[in-house]
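The numbering of the sequence shown is the working numbering, which starts it at 14 and goes up by one. For glycine and all other residues, C-beta sits at the position ideal for the given N, C-alpha and C. Only one structure is covered here, and it is reproduced in the block below.
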Amino acid sequence: MNFIEKVFVVAEAYSYPLTQRILNQLQLKPQIVSGTEEVRQEIAGEEDIIKKGKKILVLDISKAKFIKPCPCTPVYLGCGYLVINADLNCPLDCSYCILQSYLDQPWLTVFVNQDQLAQEISYWGHKRKGYFRIGTGELGDSLALDPLTQRSRDLCQMFFSYPQAILELKTKTTSIDLILKQKCLPNVVIAWSLNAEEIAHREEKGAPPVKDRLLAAKEVVKKGYRVAFHFDPLIWYRNWEEGYGQVVEFLMANIPAEKVAWISLGALRFPPQLKAIIKKRFPNSLCLTQEFIRGLDGKYRIFRPLRVEMYRQVMNFFKASKRYQKVKFYLCMESAEVWNEVMGEKKRSERGICVFLSRPLN
Ligand code: SF4
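Structure follows, in structure tokens:
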């Protein structure tokens, strides 16, 4: 964690066990502040505030609810997912990252009031009787700060008593040491965001090569975990078929199909306000050269026939293998029409998708 240059602790958060655990690991003297305005002032003069924010850690108390239904995107089909907003922002620097425009606080925030988080997990664990999916990878990478926070271990302990809650930890990293050290729970799924190697190299600054992510997945499978994969965002480039095909081939050669909980596909999409940020921070990004339309939610989306073609082709790579016939696929933030076109089946309701994905294979 030597990329962290400065750590701020909001006074209220100081005495929490998670704060103390993190401070004990860091070789930095924390600056105690009364609120995050002081952090904002600290970085105000920076040329690239987003880049600087990725080197600043703030330990704070969450005053909002930790757990919320995934907002998905207006008009499109959701999947009934619940998100846990325990850590905000991410030390990796992907050109297409929505957090660049979504979060108004560019630093890394770790919310330390895990007592409240445990209460909320208990509430949802009692409220939802059937299987449901829940995860931390919405507003940050689930494992990027794990060597420092050990959040994965705490979450696994909190979910131990709720086997119908499928906890997904989603990452682009290979930070699996803690995952490998703890007892594997059947309701914990470790997930990787994947892309064609060329896209990862060009657009996912700070993230390891895709092959390394898949080798990390292989390790956690050996430990007994189920894994999931998100081909998201699919980005068009000249050799996209070859590039995505190679990743699928490597995945299938290393990961047994029966250990795959689900695979999602999502094509590049982002709100208009992100475009100016990408132009400024990543002027050579492929995200600026796609054939876009404006979706019903106002976001830029890859032209529909093209994204349908990409979804179909990536799924075909999998379906060519007998072993992968039964694996569950879904589309992230897509319309019912595209779902029908790609999946060749009638639109599922949000609840239907939720049950379909959450139910164990056997
Ligand atoms: S890994 Fe995810 S959260 Fe982190 S920068 Fe990339 S897209 Fe954003």
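Check                                                                                                                                                                                        : Outcome
Quick check on F124: does DSSP put it in helix, strand or coil?                                                                                                                              : strand
Rounding to the nearest angstrom, what Cα-Cα distance links R215 and Q195 in this structure?                                                                                                 : 34 Å
Could you tell me whether the region 227-242 touches the region 321-333, using the rule of 3 or more Cβ pairs below 8 Å?                                                                     : no
Assign F369 to one of three DSSP states: helix, strand, or coil.                                                                                                                             : helix
Please list, in chain order, all residues of the same chain as I45 whose beta carbon is under 7 Å from its beta carbon, the five residues on each side excluded.                             : V22, A24, Y27
In or out: G48 buried (at least 16 other Cβ within 10 Å) or exposed?                                                                                                                         : exposed
Please classify F93 as buried or exposed, where buried requires at least 16 neighbouring CB atoms within 10 angstroms.                                                                       : Position check: residue 93 holds Gly in this sequence, whereas Phe was assumed. Buried is the call here.
With 16 other CB atoms within 10 Å as the buried threshold, where does L309 fall?                                                                                                            : exposed
Please report the straight-line C-alpha distance between C83 and E133, rounded to a whole angstrom.                                                                                          : 15 Å
Leaving out five residues before and five after A319 in sequence, what residues of the same chain have Cβ atoms less than 7 Å from its Cβ?                                                   : Note that residue 319 is Leu in the sequence shown here, rather than Ala. Contacts found: W249, E304.
Is D118 helix, strand or coil by DSSP?                                                                                                                                                       : The question names Asp, but residue 118 is Gln in the sequence shown. Note: Q118 maps to coil in three-state DSSP.
Looking only at its chain, what residues have a beta carbon closer than 6 Å to the beta carbon of F242, apart from the 5 residues adjacent to it on each side?                               : W205, L207, I276
What residues match up with E50 in a beta bridge as DSSP calls it?                                                                                                                           : Note: E50 sits in no beta bridge, so no partner.
Alpha carbon to alpha carbon, how far is D190 from I306?                                                                                                                                     : 42 Å
CB-CB under 8 Å to G66, same chain, minus the five flanking residues each way: which ones, in chain order?                                                                                   : I56, N102, Q118, P119, W120, L121
Does DSSP put S155 in a helix, a strand or coil?                                                                                                                                             : coil
Starting from the Cα of E181, find the closest Cα among R372, L301, V96 and give me that residue.                                                                                            : V96
Starting from the C-beta of S114, find all residues in its chain whose C-beta is less than 7 Å away, skip the five residues before and the five after it, and write them out in chain order. : P284, Q286, L287, I290
Within its chain, find whatever has a CB closer than 7 Å to the CB of I315; leave out the 5 residues flanking it on each side and keep chain order.                                          : W249, A280, L281, Q303, E304, F305
Near T187, which residues of its chain fall below 6 Å by C-beta distance, leaving aside the five closest residues on each side in sequence?                                                  : P221, D225, A229
What residue does the alpha helix (DSSP H) around A230 start on, and which one ends it?                                                                                                      : 223-235
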